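Below is one structure, written out as structure tokens; the observations come after it.
There are 2 protein chains.
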Amino acid sequence: MALDAADLGPATSLTCRECGESYDLGPRYACEQCFGPLEIAYDFTGVTRASIEAGPRNIWRYRGLLPVPTNVQDTPNTEPGFTRLVRADHLAESLGMQRLWVKDDSGNPTHSFKDRVVAVALAAARELGFKVLACPSTGNLANAVAAAAARAGIRSAVFVPSNLEQQKIVTTAVYGGTFVTVRGNYDDVNRLASEIAGEQDDWAFVNVNVRPYYAEGSKTLGYEIAEQLGWRLPDQIVVPVASGSQLTKIDKAFGELIKLGLVEDKPYRVFGAQATGCSPVAAAFKAGHEVVRPVKPDTIAKSLAIGNPADGPYVLDVVRRTGGAVEDVTDAEVVEGIRLLAGTEGIFGETAGGVTVACLRKLVSSGALDPDAETVIINSGDGLKTLDAVAPVARPSAEIAPSLEDFRASGLA
Amino acid sequence: MALDAADLGPATSLTCRECGESYDLGPRYACEQCFGPLEIAYDFTGVTRASIEAGPRNIWRYRGLLPVPTNVQDTPNTEPGFTRLVRADHLAESLGMQRLWVKDDSGNPTHSFKDRVVAVALAAARELGFKVLACPSTGNLANAVAAAAARAGIRSAVFVPSNLEQQKIVTTAVYGGTFVTVRGNYDDVNRLASEIAGEQDDWAFVNVNVRPYYAEGSKTLGYEIAEQLGWRLPDQIVVPVASGSQLTKIDKAFGELIKLGLVEDKPYRVFGAQATGCSPVAAAFKAGHEVVRPVKPDTIAKSLAIGNPADGPYVLDVVRRTGGAVEDVTDAEVVEGIRLLAGTEGIFGETAGGVTVACLRKLVSSGALDPDAETVIINSGDGLKTLDAVAPVARPSAEIAPSLEDFRASGLA
Numbered sequence: 001m002a003l004d005a006a007d008l009g010p011a012t013s014l015t016c017r018e019c020g021e022s023y024d025l026g027p028r029y030a031c032e033q034c035f036g037p038l039e040i041a042y043d044f045t046g047v048t049r050a051s052i053e054a055g056p057r058n059i060w061r062y063r064g065l066l067p068v069p070t071n072v073q074d075t076p077n078t079e080p081g082f083t084r085l086v087r088a089d090h091l092a093e094s095l096g097m098q099r100l101w102v103k104d105d106s107g108n109p110t111h112s113f114k115d116r117v118v119a120v121a122l123a124a125a126r127e128l129g130f131k132v133l134a135c136p137s138t139g140n141l142a143n144a145v146a147a148a149a150a151r152a153g154i155r156s157a158v159f160v161p162s163n164l165e166q167q168k169i170v171t172t173a174v175y176g177g178t179f180v181t182v183r184g185n186y187d188d189v190n191r192l193a194s195e196i197a198g199e200q201d202d203w204a205f206v207n208v209n210v211r212p213y214y215a216e217g218s219k220t221l222g223y224e225i226a227e228q229l230g231w232r233l234p235d236q237i238v239v240p241v242a243s244g245s246q247l248t249k250i251d252k253a254f255g256e257l258i259k260l261g262l263v264e265d266k267p268y269r270v271f272g273a274q275a276t277g278c279s280p281v282a283a284a285f286k287a288g289h290e291v292v293r294p295v296k297p298d299t300i301a302k303s304l305a306i307g308n309p310a311d312g313p314y315v316l317d318v319v320r321r322t323g324g325a326v327e328d329v330t331d332a333e334v335v336e337g338i339r340l341l342a343g344t345e346g347i348f349g350e351t352a353g354g355v356t357v358a359c360l361r362k363l364v365s366s367g368a369l370d371p372d373a374e375t376v377i378i379n380s381g382d383g384l385k386t387l388d389a390v391a392p393v394a395r396p397s398a399e400i401a402p403s404l405e406d407f408r409a410s411g412l413a
Numbered sequence: 001m002a003l004d005a006a007d008l009g010p011a012t013s014l015t016c017r018e019c020g021e022s023y024d025l026g027p028r029y030a031c032e033q034c035f036g037p038l039e040i041a042y043d044f045t046g047v048t049r050a051s052i053e054a055g056p057r058n059i060w061r062y063r064g065l066l067p068v069p070t071n072v073q074d075t076p077n078t079e080p081g082f083t084r085l086v087r088a089d090h091l092a093e094s095l096g097m098q099r100l101w102v103k104d105d106s107g108n109p110t111h112s113f114k115d116r117v118v119a120v121a122l123a124a125a126r127e128l129g130f131k132v133l134a135c136p137s138t139g140n141l142a143n144a145v146a147a148a149a150a151r152a153g154i155r156s157a158v159f160v161p162s163n164l165e166q167q168k169i170v171t172t173a174v175y176g177g178t179f180v181t182v183r184g185n186y187d188d189v190n191r192l193a194s195e196i197a198g199e200q201d202d203w204a205f206v207n208v209n210v211r212p213y214y215a216e217g218s219k220t221l222g223y224e225i226a227e228q229l230g231w232r233l234p235d236q237i238v239v240p241v242a243s244g245s246q247l248t249k250i251d252k253a254f255g256e257l258i259k260l261g262l263v264e265d266k267p268y269r270v271f272g273a274q275a276t277g278c279s280p281v282a283a284a285f286k287a288g289h290e291v292v293r294p295v296k297p298d299t300i301a302k303s304l305a306i307g308n309p310a311d312g313p314y315v316l317d318v319v320r321r322t323g324g325a326v327e328d329v330t331d332a333e334v335v336e337g338i339r340l341l342a343g344t345e346g347i348f349g350e351t352a353g354g355v356t357v358a359c360l361r362k363l364v365s366s367g368a369l370d371p372d373a374e375t376v377i378i379n380s381g382d383g384l385k386t387l388d389a390v391a392p393v394a395r396p397s398a399e400i401a402p403s404l405e406d407f408r409a410s411g412l413a
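Protein chains in written order, with the UniProt record's numbering: chain A, 1 to 413; chain B, 1 to 413.
The structure is reproduced here in structure tokens:
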């Protein structure tokens, strides 16, 4: 593909996160020397609070910090981001905390943070000459890719395990792209996607062959939190860990803001949250290991169920460097976390949100997290997509006949 | 209840929409003379574009035009509104139109426009001394009331028919309020709610005894559309019709903006959209009647399935006065409307959104709506809540084994 005309904004090159080898910008994702993951390097110029605040109310206000073209907001896209940062006084009170915020990413166009990463991947993929937006997925990513491609007027090709829940199938198929169910588990689908990427030159698998660009989209969570706090970093942040990329990119965003002088340089602590049924990073953290041993996932928190998280070691680095921790909670605690967030703040989070709230509670209880320091937690998706998780316990108070007598007798008056 | 301390902002009194009788502000909803519906009257002062633009990015930027206290945004609430107004060039192209926008209210906290009306009802109910936020509902309203009460830290009491879909039960029960299923249809539930409202002095049934306040929340859709177009009214707008209140309040909002000099006074045409299986207002419009004959609803568009719409005659007034029309479409056309909006713009709307898109298409085909004039349509809810409607047709392209050979053989490469 011809890259001469590509406008990737402030991005300058790709650098191996392991050996430091540098590459020209292009559709690469692994180091040719050591197979390490490639990361975008930048030359930021002219980014100020004012230039950001003058931008649109979505992730493109940070375009000067992303590998996307200067005019990215002029091409039809789903315009994700700038979701609510909700002051959560009732939840804080119930946990004995002082200042707590929920970054509620269920407000994105397809109701998960995946809209952010997909929007950045799509913008970069166009510049790199790709014609089809593709992914292997188990749910949220499938929704986000199919919607973003429809909005952009290009073809999507989404691959999912054939045993996926009916609701996730409908919510992807409705957008009308190419949608293939694969008889196998997610690992099988993922491997097939890599093989197809090797054959189909103009297919951008967002989380495979354009992953370095895609992953940068998570930085916008960090930028937004800082800006919405009034250009200030929180003292503590709790982030759900699947591949681990969301956590490391939020840390990267905070670091960039400090370096650019857009926020005061101050210490902050980063905490990771996992479900016990898929907690390889928490296990490594607790054991003091530097490597993450893969596990076979078994949890209701399916959007976090990555048994071999690509960024696991980097999560450990960030958490240890900042004085945080990685915690994990049982599925029963996840359900309680969902109900606690809904009941105190009126926010119905996905299972991943339940993991984060439950880990927050556990971290406060254990003393690992300071209840008096300002804390932000991420709700990365919407409870409407994981209804089965709470269905057994989210039940009516009573069933009555349509009469005042029956209502009085119910004791609910 | 003592109303001396009540701050209802610019609201001055309640006026009967039928006979013009005037009442002091309070928890009233029907005229004592003629049983007509009561409407809020105002004295607007000091509302300018600048004062609005200086407000928060939610419906409270219009607090100077609503029956809510001056400091409404300081009390915990779900902060709905200021949802996206999406330029829909692909949808326009497919319909042969020039300038089309989708006001996407699925971006509200519980993913429907009901968050707007509930937030206004809650704010007024607090001022009027109510202690419990209640409603009869079949879905979206139940979600919105339960979430808003949880966020506000007060009790909710929601009543629904016991045959409600499991997903709507879960999405209400998760917030932890009082949640009663009633063995009967929606009319039975509604009647029971009115009876309970007569007994429970401090229960505010948002759509019953505080309905005049509640209904005003829909005005914010009109304000936002005008502001998001750059303080300008569209030439045409298509609005789904259930009770009819959303349509009449958008018209009221446009009229207020003109009167206050916030937008240029220019003609605009208002169109109503119904599902044929519950189209009493469309039937009356087409027959040239001034009264609306109740029907027994039979449509997949359940959030619009009000067989005896309270504001039906007022919808006819608005539509006829502005040169619009009321159209209706079959359930099959509703499903096609949902797919068309998803496939062209990446927006997965509720069945009500499908009704609106399909009616738009029909209105363009018939020549009733001018394809060259700037048009706004409302997507009032989220497709995730009405998956069953599209499940039979939103299917995968193919199912394959996890092998390149199978993928190649699928013909999808």
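Where is the CB? At the ideal position from N, CA and C, for every residue including glycine. Remember, it's a predicted structure, so these values are computed and weren't measured experimentally.
Those residues of the stretch 170 to 181 of chain B placed with their C-beta closer than 7 angstroms to a C-beta in chain A are V170, T171, A173, V174, Y175, G176, T178, F179, V180, T181, ordered along the chain. Taken in chain order, the whole beta strand (DSSP E) runs of length 3 or more contained in the stretch 201 to 288 of chain B are 203 to 205, 236 to 240, 269 to 275. Between A:N209 and A:A226 a beta carbon distance of about 31 angstroms is seen, past the 8 angstroms cut, so the two are scored as non-contacting. For A:A332, no beta strand (DSSP E) run applies; the uninterrupted alpha helix (DSSP H) run containing it begins and ends at 331 to 345, by DSSP. Classified as exposed, A:V291 has fewer than 16 neighbouring CB atoms from the shown chains inside 10 Å of its CB.
Taking a Cβ-Cβ threshold of 9 angstroms, the residues of chain B close to A:G346 are P76, N77, T78, P109, T110, A146, A147, A148, A149, A150, R151, A152, Y175, in chain order. Beta-bridge annotation (DSSP): A:G381 is paired with A:S112. Below 8 angstroms, too few C-beta pairs join the stretch 374 to 388 of chain A and the stretch 318 to 325 of chain A to call them touching: fewer than three. In this model, B:K131 and A:V174 are separated by some 42 angstroms (Cα to Cα).
In the structure shown, B:L164 adopts coil according to DSSP, grouped into three states. Using a Cβ distance threshold of 8 angstroms, A:R293 and A:P280 count as a contacting pair. Taking the Cα positions, A:S94 is about 14 angstroms away from A:V102.
For B:P396, the nearest CB of chain A lies under 8 angstroms from its own CB, placing it at the interface with that chain. Sequence-distant Cβ neighbours of A:V86 in its own chain, meaning closer than 6 angstroms and more than five residues away, are V102, D104.
Per DSSP, A:T15 is not a residue of any alpha helix (DSSP H); the beta strand (DSSP E) it occupies stretches across 11 to 16.
By the beta-carbon neighbour count (other beta carbons within 10 angstroms, threshold 16), A:P109 is buried. DSSP places A:V180 in the uninterrupted beta strand (DSSP E) bounded by 178 to 182.
Taking a 10 Å sphere around the C-beta of A:R57, we find fewer than 16 other C-beta atoms and assign the residue as exposed.
For the stretch 376 to 396 of chain A, the residues whose beta carbon sits under 8 angstroms from a beta carbon of chain B are, in order, D382, G383, L384, K385, L387, V390, A391, A394, R395, P396. A:W101 is bridged by DSSP to A:R87, A:V376.
If you ignore the 5 residues before and after B:Y223, its C-beta comes within less than 6 angstroms of the C-beta of Y62, A253, all in its own chain and listed in chain order. For the stretch 247 to 271 of chain A, the beta-carbon criterion of a distance under 9 angstroms to any beta-carbon of chain B is satisfied by none of its residues. Cβ-Cβ separation between B:R232 and B:E256: approximately 15 angstroms, too far for a contact (criterion under 8 angstroms). When beta bridges are read from the DSSP output, B:R61 appears opposite no residue. Taking the beta carbon of B:D89 as reference, the chain A residues within 8 angstroms of it are P76, listed in sequence order.
With the criterion set as a beta carbon lying under 8 angstroms from some beta carbon of chain A, the stretch 292 to 303 of chain B has no members that meet it. Cβ contact annotation for A:T83 (same chain, cutoff 8 angstroms, sequence separation greater than five): K103, D104, D105, S106, G107, N108, E224, in chain order.
For the stretch 52 to 72 of chain A, the residues whose beta carbon sits under 8 angstroms from a beta carbon of chain B are, in order, R57. Remark: C-beta atoms of A:T356 and A:D331 do not approach each other more closely than 8 angstroms.
Where B:E399 is concerned, the enclosing beta strand (DSSP E) starts and stops at 398 to 400. Taking a Cβ-Cβ cut-off of 9 angstroms, the neighbours of A:G184 in chain B comprise A401, P402, given in sequence order. B:L133 sits in a strand when the DSSP states are folded into three classes. In the DSSP annotation of this structure, B:L38 is not part of any alpha helix (DSSP H); the continuous beta strand (DSSP E) holding it starts and ends at 38 to 42. Burial check for A:T70: the Cβ neighbour count within 10 Å stays below 16, so the residue is exposed. Note on geometry: alpha-carbon atoms of B:G176 and B:L247 lie some 32 angstroms from one another. Contact between A:E127 and A:D7 holds, with the beta-carbon distance rounding to 6 angstroms and staying under 8 angstroms.
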